[in-house]
Amino acid sequence: MTYQEARALCQERLGLPAAGEGPALAVTVPLPQWLEAARFAKDALGCLYLSFTTAVDWKEQGLEVLARVENLDANFSVTMKTRLAAGQTQCPSLAPVWRGADWMERECYDMFGIRFEGHPDLRRILLPQDWEGHPLLKSYAVDTPHPPYR
1 MTYQEARALC QERLGLPAAG EGPALAVTVP LPQWLEAARF AKDALGCLYL
51 SFTTAVDWKE QGLEVLARVE NLDANFSVTM KTRLAAGQTQ CPSLAPVWRG
101 ADWMERECYD MFGIRFEGHP DLRRILLPQD WEGHPLLKSY AVDTPHPPYR
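Quick note on numbering: this note's numbering labels position 21 of the sequence shown as 21, and the sequence is numbered without any gaps.
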């Protein structure tokens, strides 16, 4: 499969416009289609490698979850993005599609507070279990005391 074929398939099967130049596609996926788009990327586009899953806090606009998957044989990647509404913290887990999503989603939970529905073991991975809050949220106070760290 080539980059052009993958781009056409995204538009045809998912009804989603795919942006990007060269071997990198970017697809904005509505939240209800997140898991469907992931399965499509793996099965139809051959993206067997999950490079990363992360999030961005856009403050008033809510959180955005990103996942980059790659077809290493055809040398192209797809960056999938979905937006959570302001105040919303639920997103379907990609762990049933790519096992490597497990720890990446745990990191997003730990840092941003995103709860991945269907995740096999969603708990803190970087910070102590008794840590309060999620440090990468823009609403997190920088001067919050956390002995013995501050």
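Backbone N, C-alpha and C fix where the C-beta goes; we use that ideal spot for every residue, glycine too.
Within the DSSP bridge table, the entry for Pro92 names Glu117 as partners. In this structure, Leu126 places its C-beta atom within 7 Å of the C-beta atom of Asp110. Taking 7 Å as the cut-off, the Cβ atoms of Leu35 and Arg7 do not count as close. Your pair Leu137 and Gly118 does not check out as a contact, with CB atoms roughly 23 Å apart and the cut at 8 Å.
Shown here for Leu45: same chain residues with a beta carbon closer than 7 Å to its own, the five before and five after excluded, namely Met1, Ala6, Leu9, Asn71, Val78 in chain order. With respect to the 7 Å criterion, Val97 and Ala38 are classified as neighbours on the basis of their beta carbons. With a threshold of 16 other beta carbon atoms within 10 Å, Ala55 meets it and is buried.
The C-alpha of Arg106 lies about 11 Å from the C-alpha of Leu94. The Cβ neighbour count for Val142, taken over all protein chains shown within 10 Å, is under 16; the residue is labelled exposed.
Inside the stretch 33-109, DSSP marks whole beta strand (DSSP E) runs of 3 or more residues at positions 49-57, 63-71, 76-83, 90-92, from first to last along the chain.
Per DSSP, the unbroken beta strand (DSSP E) holding Leu25 starts and ends at 24-28. Note on geometry: alpha-carbon atoms of Cys47 and Arg124 lie some 28 Å from one another.
The beta-bridge partner set that DSSP reports for Ala19 consists of Ala26. Thr82 and Pro32 have their C-alpha atoms some 9 Å from each other.
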